[in-house]
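The block underneath contains the structure these notes are about, expressed in structure tokens.
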């Protein structure tokens, strides 16, 4: 140290030898006493008193309060002694005392030796606020070259430590310390590069706190004074661009074709330097990203390459950024279509997909190239898209459709189900349901395909898109798993009934349905075919004449004459007599187009003599429909008819309710109102037979009871 004489150095060595046990403590303590006695007026001699007390535990005299200079050197000696013993907590406690700091820094000779120790200790204890106060005090009390050098070195060291301070809980404190340093009276005379570093670091911290305007002012202040410090200049330019785009970090940016503030950000980064050497990797990344957004593939690839070369902490905090840069580099190479770079692009993409979650909308062109070059990697790309988070429905649809194109049914269905969870647009929901149904078809899941078709049909009916339903029904690959050929014809009959000018096509389909039912040759199918043809006969008698005659003959041969629709009133009368009230009929199923048949149903109820109710089931959940049926059963139902449009979740519970209540029930394929009439005629007969049997059982029971009473 510059203040020491040869005698001071000799005494200090003796104290250290005694501390290590190489010479006797008492001898060294006597030397220190004698030295102080020989030079009682020399303040520096008090250093040895404090030093020996700290290291040897000696009971040596302490300077009087009036001897301020000697007390200062005594305190300095103790400080160096405890620091030599490794007692960092003692040193930290001393340095947090503003009075002690003031005393130690008041003498430039002590400050030169003490300030580095004070900075190390305060940095270790995390008390950076006190460190700034110490630096400010030293700068204000001394203008010597040595003091300036100490202040500059301390502020440079402090900036390095603040740049490494990543604890989010200390964010506000870090900003406050940086602001205090910039406001120091000595800040203006610091080297330009150091001042630029403080402005850049403060701007970066303010960006993270969403103080974009103030951050921009700090970066603006840093750029002119960065000079030849290309790294600081580049950092300031990147910060300027981020503040202008109102973005906290480069990691938040994703490719955006129509970025509104791209040109201004690009000018700022270019002003900060675009060369490879000296620029920060974030600058190269932004230049590459902006080129990618403008579809300048070769420029983008060049910049991303430069960004990767600039990374130096590959195994640390830059690992995620490096993976993202590799991903974008691979994307630029693939989108550019360079065959020479294909192998490299595929390798980079394979490495990056372990970390990166792409969005298909931005990288659709990239995925198209992947499909043509490496199917396995294309599937990995799709698997990396996070469909479980708040992705836009149109992006999820892209994912689902791409999975279908690659023949992957299960992930396609999962992506489409996610669309149904987040989409409110009906067109998007319909498209997602088509993907789900195609996935069921690919896996041969008939029940799943059928349920999904019903969902699609309801949505399209709700939109009035009958032509679209017709197109789907005529696509055998689409509905082949969900419906058989007869069910397809039934569905088309319902669609043509809603569409204008399709009467002849509807009648032809009904005739075709009747022929298919006739081919089954069982009595129930023949009766259904007869009912359908009677409906056709109303508008097109010639079309139904031959078929009706053939079915009548078959029914006669089976000893089951055709249903006599005029017998409905008589059957209702007989059933009413058995019940003691009018029969109650419940019809379930259909949508708005069947509602036009309700007046005919009401007329039929009045003509035949039953109480009828027709529940619409479309646009209602199956649970609500079943609940409504159960409620009707509590009030009495004698006949239940379920139209074929009802879902499986409705049909099975409804039939089970009917079985428990001993109510005749069946499902009928609705192909016109006549088909419902024929079904009602059959069900009334079954109800009448059941009622007659019940009366007979009751009568037999009464007879047995009378016989017992006579005995």
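Residue numbers (the working numbering): 12 to 722. Where a beta carbon is used, it is the ideal one built from N, C-alpha and C, also for glycine.
Beta strand (DSSP E) segment containing residue i, residue limits
{"i": "residue 291", "result": "Note, residue 291: premise wrong, no beta strand (DSSP E); not H, not E."}
{"i": "residue 678", "result": "676-679"}
{"i": "residue 732", "result": "There is no way to answer for residue 732, as the model of the chain reaches only from 12 to 722."}
{"i": "residue 653", "result": "650-654"}
{"i": "residue 624", "result": "622-626"}
Residues of its chain near residue i, where Cβ-Cβ distance is below 8 angstroms and the 5 sequence neighbours each way are ignored
{"i": "residue 723", "result": "This structure gives no information on residue 723, because the portion of the chain shown stretches from 12 to 722."}
{"i": "residue 125", "result": "87, 90, 115, 116"}
{"i": "residue 564", "result": "none"}
{"i": "residue 712", "result": "Here the model assigns residue 712 a pLDDT of 45, short of 50, so the residue's position is not dependable and the matter cannot be decided."}
{"i": "residue 689", "result": "538, 539, 541, 542, 545, 574, 576"}
{"i": "residue 655", "result": "498, 501, 600, 678, 679, 680, 681"}
{"i": "residue 200", "result": "159"}
Proximity test, Cβ basis, 9 angstroms: residue i and chain B
{"i": "residue 89", "result": "Within the model displayed, chain B is absent; a lone protein chain is all it includes."}
Closest Cα partner of residue i within the set the options
{"i": "residue 579", "options": "58, 279, 553, 697", "result": "697"}
{"i": "residue 265", "options": "669, 297, 247", "result": "297"}
{"i": "residue 575", "options": "608, 587, 539", "result": "539"}
{"i": "residue 738", "options": "234, 82, 530", "result": "Because the chain spans 12 through 722 in this model, residue 738 falls outside it and cannot be assessed."}
{"i": "residue 619", "options": "627, 332, 650, 582", "result": "582"}
{"i": "residue 192", "options": "162, 176, 218", "result": "162"}
{"i": "residue 358", "options": "368, 369, 344", "result": "344"}
{"i": "residue 337", "options": "354, 353, 363", "result": "363"}
{"i": "residue 592", "options": "621, 609, 568, 614", "result": "621"}
{"i": "residue 665", "options": "238, 280, 626, 404", "result": "626"}
{"i": "residue 35", "options": "307, 63, 670, 548", "result": "63"}
{"i": "residue 607", "options": "691, 439, 683", "result": "683"}
{"i": "residue 280", "options": "268, 314, 434, 307", "result": "314"}
{"i": "residue 45", "options": "31, 18, 68, 32", "result": "18"}
{"i": "residue 271", "options": "295, 304, 239", "result": "304"}
{"i": "residue 462", "options": "662, 552, 548, 646", "result": "662"}
{"i": "residue 725", "options": "228, 510, 156, 552", "result": "Outside the modelled stretch of the chain, which goes from 12 to 722, sits residue 725, for which no answer is possible."}
{"i": "residue 222", "options": "260, 239, 245", "result": "260"}
CB of residue i within 9 angstroms of CB of residue j, strictly
{"i": "residue 258", "j": "residue 293", "result": "no"}
{"i": "residue 636", "j": "residue 679", "result": "no"}
{"i": "residue 171", "j": "residue 216", "result": "no"}
{"i": "residue 460", "j": "residue 426", "result": "no"}
{"i": "residue 423", "j": "residue 415", "result": "yes"}
{"i": "residue 507", "j": "residue 498", "result": "no"}
{"i": "residue 218", "j": "residue 253", "result": "yes"}
{"i": "residue 54", "j": "residue 39", "result": "no"}
{"i": "residue 652", "j": "residue 677", "result": "yes"}
{"i": "residue 370", "j": "residue 428", "result": "no"}
{"i": "residue 226", "j": "residue 237", "result": "no"}
{"i": "residue 143", "j": "residue 169", "result": "yes"}
{"i": "residue 340", "j": "residue 376", "result": "no"}
{"i": "residue 650", "j": "residue 695", "result": "yes"}
Own chain, CB closer than 6 angstroms to residue i, minus 5 neighbours either side, in chain order
{"i": "residue 275", "result": "255"}
{"i": "residue 544", "result": "525, 555, 558, 559"}
{"i": "residue 273", "result": "301"}
{"i": "residue 705", "result": "Confidence in residue 705 is poor, its pLDDT being 46 and thus under 50, which makes the residue's placement too unreliable to answer from."}
{"i": "residue 322", "result": "292, 329, 333"}
{"i": "residue 230", "result": "214, 247, 250, 251"}
{"i": "residue 176", "result": "185"}
{"i": "residue 207", "result": "233, 236, 237, 243"}
{"i": "residue 85", "result": "57, 60, 61, 74"}
Residue interval of the alpha helix (DSSP H) (run including residue i)
{"i": "residue 308", "result": "308-321"}
{"i": "residue 614", "result": "609-619"}
{"i": "residue 30", "result": "17-30"}
{"i": "residue 666", "result": "659-672"}
{"i": "residue 93", "result": "79-95"}
{"i": "residue 281", "result": "273-282"}
{"i": "residue 242", "result": "241-256"}
{"i": "residue 583", "result": "579-590"}
{"i": "residue 447", "result": "437-454"}
{"i": "residue 37", "result": "36-49"}
{"i": "residue 540", "result": "534-550"}
Supposed contact pair residue j and residue i - C-beta distance, whole angstroms, cut 8 angstroms
{"i": "residue 14", "j": "residue 120", "result": "5 angstroms"}
{"i": "residue 546", "j": "residue 685", "result": "4 angstroms"}
{"i": "residue 243", "j": "residue 204", "result": "6 angstroms"}
{"i": "residue 66", "j": "residue 97", "result": "With a Cβ gap of about 12 angstroms, residue 66 and residue 97 do not count as contacting."}
Own chain residues within Cβ distance below 7 angstroms of residue i, not counting five before or after
{"i": "residue 27", "result": "none"}
{"i": "residue 325", "result": "With a pLDDT of only 49 at residue 325, under 50, the local geometry of the prediction cannot be trusted, and the value read off the model is given with reservation. Within the same chain, residue 325 has close Cβ partners 333."}
{"i": "residue 384", "result": "353, 357"}
{"i": "residue 707", "result": "Bear in mind that the predicted position of residue 707 carries a pLDDT of just 42, short of 50, making it unreliable; the figure below should be weighed with that in mind. Cβ within range, chain order: n/a, list empty."}
{"i": "residue 527", "result": "497"}
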